[in-house]
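For the record, the sequence lines run as chains A and G.
The numbering used here puts the first residue of the first sequence at 6, with every later residue one more than the last.
The numbering used here puts the first residue of the second sequence at 7, with every later residue one more than the last.
We treat Cβ as the ideally placed atom computed from N, Cα and C, and that holds for glycine.
Values in this document were obtained by computation on a predicted structure and should not be read as measured data.
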Amino acid sequence: MTRTTNITAILADNRLDKDRSVWADALERVTAAQVEQALAQAPGRYSVARMVTLLSPAAKAYLEPMAQQARKLTIQRFGRTIQLYAPLYVSNVCVNSCRYCGYNRQTDVNRTRLTREQALADAEVIAAEGFRHLLLVSGEDSAYVTVDYLSTLAHELRRMFASIAIEIQPLQKDDYAALFAAGIDGVALYQETYDRDVYADYHVAGPKRDYDNRLETPDRYAAAGMRRIGLGVLLGLADWRLDTLAMAEHAAYLMKTYWRSQIDFSFPRIRPATNVIHEWPYVVSDEHLVQMMLALRLCFADTGIVLSTRELPAFRDRMMNICVTRVSAGSKTNPGGYASDTTAAEQFTVADERPPAEVAAAIARCGHEPVWKDWDAGFIGV
Amino acid sequence: MNDMLKIADREFHSRLLVGTGKFASNAAMDAAMDASGAEIVTVALRRVDIENENDNMLAAIDRARYLLLPNTSGARDAAEAVRLARLARAASGIHWVKLEVTPDPYYLLPDGEETLKAAQTLVQDGFVVLPYMNADPILARKLQDVGCATVMPLASPIGSNQGLKMRASIEIIIEQATVPVVVDAGLGAPSHAAEAMEMGADAVLVNTAIATAENPVKMAIAFKLAVEAGRMSYQAGLAAQSTHASASSPLTGFLRNEQK
Chain A
6 MTRTTNITAI
16 LADNRLDKDR
26 SVWADALERV
36 TAAQVEQALA
46 QAPGRYSVAR
56 MVTLLSPAAK
66 AYLEPMAQQA
76 RKLTIQRFGR
86 TIQLYAPLYV
96 SNVCVNSCRY
106 CGYNRQTDVN
116 RTRLTREQAL
126 ADAEVIAAEG
136 FRHLLLVSGE
146 DSAYVTVDYL
156 STLAHELRRM
166 FASIAIEIQP
176 LQKDDYAALF
186 AAGIDGVALY
196 QETYDRDVYA
206 DYHVAGPKRD
216 YDNRLETPDR
226 YAAAGMRRIG
236 LGVLLGLADW
246 RLDTLAMAEH
256 AAYLMKTYWR
266 SQIDFSFPRI
276 RPATNVIHEW
286 PYVVSDEHLV
296 QMMLALRLCF
306 ADTGIVLSTR
316 ELPAFRDRMM
326 NICVTRVSAG
336 SKTNPGGYAS
346 DTTAAEQFTV
356 ADERPPAEVA
366 AAIARCGHEP
376 VWKDWDAGFI
386 GV
Chain G
7 MNDMLKIADR
17 EFHSRLLVGT
27 GKFASNAAMD
37 AAMDASGAEI
47 VTVALRRVDI
57 ENENDNMLAA
67 IDRARYLLLP
77 NTSGARDAAE
87 AVRLARLARA
97 ASGIHWVKLE
107 VTPDPYYLLP
117 DGEETLKAAQ
127 TLVQDGFVVL
137 PYMNADPILA
147 RKLQDVGCAT
157 VMPLASPIGS
167 NQGLKMRASI
177 EIIIEQATVP
187 VVVDAGLGAP
197 SHAAEAMEMG
207 ADAVLVNTAI
217 ATAENPVKMA
227 IAFKLAVEAG
237 RMSYQAGLAA
247 QSTHASASSP
257 LTGFLRNEQK
């Protein structure tokens, strides 16, 4: 790939953000012999050529040997352990109109913003379940979910949690620096799709329409010191192979530039939500998702691979035995959902409804230690 | 046989230190620790609630039997490592620390500059400091000079199981050290551990190779035996692997011939 210094240019120069047919052709041209050659090399190092090979239709016939390699590599690098985390939704108010999302501002659903006390009540429930890693989630609600709101909340939450990450609207670098200082150490922000045209089609109104702003946000929070960088594409919007190629380039760029931070890949497959469209042009099958996860693991030995409760128990349990390193459990995707019987709208319907203890037992059954704490609030001085 | 490993004011029979990460369960960890014969076990502070005696992992470690050596794994700079070590000491009373400053989350290579800074502060603060370091002989001397209790050079990148890739530098560190040299990280097989001990390392630390083995208990025993064998071999004095010819002396043999 061309050596460029910003992600917008890298994707544009390599035609990964638009008119991606050159890559679609390259994927089709991969032969079985090339896949075998790629699998004969030591796994874990990224090159775009290797990624194309492992993502190709030809590689679909090699999922078993890919899984064997991925399992071995994951155990070597992460041990026989799986981390657990829980999401805490603080607001489902949103200024965007994303056609796939239950929080879409144009849908008529029950909106809730948690007060600090309400958020803490949910947090107490989550902590009592054993969690020490928390992800604060919100719609794009900049009027309410401000740096002040999050900092104050983080200050309280640090007593209960070893690590706090956020999945909210894009912010500026100074905001991220303030949040980092307040004890928030990770940010997840998914591009949803790296294809500009498809992106424009789904994000019809609101600040999220700005593809470039979203694309460059991980630079801002990584530069502000955040330790964990969460990347993902919303599976179902565009060709998953092409989006994975773009996401891999994005990850490789971030790893080189912000070498102190760790990347996590998430794999959100579109789930049903209230009052949004249900027809998806690019349905991602289990087989596709497995190939995507394996290809990424075989190119990135040390990135976290996250699987949320969007996926069914059976699928999650299988993947925890192959290459997954972090899972959520017991998730409520509506604000206040842990501590009360709220009717607030969910962002999506959870597919794995097992309580956290059951998920932990499933982790143990596949020969892994469920790890509730793998960070320490003491790293950041507040 | 009185061949004790002495670190600071403590003596140990075992020259195998083990890590507690990456095990499939606390029970598996406990069984492997027991089989290894280790007397020092290192625990990542990020993984435990050090102030909580009922923490799952801490509860699985018999403190009467093992010296619990907290480590600062995950610290990106000196300030973070120092803060974490101090919080841990305040909560647990343990004043030993395995100092790890690894700003790169992928290869987890230690930052020499920040490690030295942190070591200096922690030693002054009354800690017994065992620093994880690159196999850099000058850095080893500097860490020794600021009062570290050991030096712990890596054999190869952590978790890589590649063995003694840094052999030449570790030989120099062993030659020059005035504190115990504990070879840490990258030892993937008992033969690697034996090799390090034969070279004259005072001890080795192993985690991944034991924790991720198909049978961790058996692998722990294999490492125990390898460390003992390597130590014994070092003490016995390996037959010199010398480049000098001794069987015949093509250049100076004439001297002896003339004497006859």
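For residue 167 of chain A, at least one C-beta of chain G is nearer than 9 Å to its own C-beta. Comparing alpha-carbon positions, the option among G:216, G:214, G:187, G:215 lying closest to residue 202 of chain G turns out to be G:187. Taking a cut-off of 8 Å for Cβ pairs, the region 120-135 of chain G and the region 162-176 of chain G do not touch, as fewer than three such pairs fall below it. Look at residue 70 of chain A here: in three-state DSSP terms it is helix. C-alpha of residue 80 of chain G to C-alpha of residue 265 of chain A: approximately 10 Å in a straight line. Contact check between the region 94-105 of chain A and the region 321-330 of chain A: fewer than three CB pairs, one atom from each, fall below 8 Å, which does not count as touching. Taking a C-beta distance under 9 Å as the contact criterion, residue 181 of chain A and residue 230 of chain A qualify as a contact pair.
Taking a cut-off of 8 Å for Cβ pairs, the region 24-33 of chain G and the region 357-377 of chain A touch, as three or more such pairs fall below it. Among the CB atoms of chain G, one or more fall inside 9 Å of the CB of residue 260 of chain A.
A direct Cα-Cα distance of roughly 16 Å separates residue 25 of chain A from residue 255 of chain A. For residue 198 of chain A against residue 239 of chain A, the beta-carbon gap comes to about 7 Å, under 8 Å, which counts as contact.
Listed along the chain, the chain A residues whose CB falls inside 8 Å of the CB of residue 53 of chain G are 376, 378, 379. Between residue 191 of chain G and residue 211 of chain G, the C-beta gap is smaller than 9 Å, which places the two residues in contact.
For residue 289 of chain A against residue 274 of chain A, the beta-carbon gap comes to about 6 Å, under 8 Å, which counts as contact.
For the 9 Å CB-CB criterion, residue 306 of chain A and residue 49 of chain A form a contact. By the criterion of at least three beta-carbon pairs nearer than 8 Å, the region 164-174 of chain A is not in contact with the region 37-51 of chain G. In this model, residue 145 of chain A and residue 102 of chain G are separated by some 47 Å (Cα to Cα). Using a CB distance cut-off of 9 Å, residue 272 of chain A does not count as an interface residue toward chain G. Beta-bridge partners of residue 296 of chain A (DSSP): none assigned. Residues are counted here when their Cβ sits less than 8 Å from a Cβ of chain A; for the region 212-227 of chain G these are 214, 217, 218, given in chain order. Among the residues facing chain G, residue 385 of chain A is included, as its CB has a counterpart in that chain under 9 Å away. Here residue 104 of chain G has 48, 75, 77, 136 as same chain residues with Cβ atoms under 6 Å from its own Cβ, once five neighbours each way along the sequence are excluded.
For residue 138 of chain A, DSSP records a beta bridge to A:168. Residue state for residue 237 of chain A is assigned as strand, using DSSP reduced to three classes. Using beta-carbon distances, residue 171 of chain G does not count as an interface residue toward chain A, since no partner is under 9 Å.
Exposed is the label assigned to residue 37 of chain A, since fewer than 16 other Cβ atoms lie within 10 Å of its Cβ.
A straight-line Cα-Cα distance of about 42 Å links residue 240 of chain G and residue 383 of chain A. Judged by DSSP secondary structure, residue 63 of chain G falls within the alpha helix (DSSP H) whose first and last residues are 62-65. When CB distances to chain A are screened at a threshold of 7 Å, the residues of the region 106-124 of chain G falling below it are 109, 110, 111, 112, in chain order.
Contact between residue 193 of chain G and residue 215 of chain G holds, since their C-beta atoms are separated by about 6 Å, short of 8 Å. Judged by their CB atoms, residue 268 of chain A and residue 321 of chain A are not nearer to each other than the 9 Å cut-off. Distances from the alpha-carbon of residue 45 of chain G to those of G:71, G:113, G:171, G:59 put G:71 closest. Taking 9 Å as the cut-off, the Cβ atoms of residue 227 of chain G and residue 66 of chain G do not count as close.
Contact annotation: residue 272 of chain A and residue 311 of chain A have beta-carbon atoms nearer than 9 Å.
Of the residues A:120, A:385, A:217, the one whose Cα lies closest to the Cα of residue 151 of chain A is A:120. Closest option to residue 348 of chain A, judged by alpha-carbon separation, among A:357, A:358, A:337, A:356: A:337.
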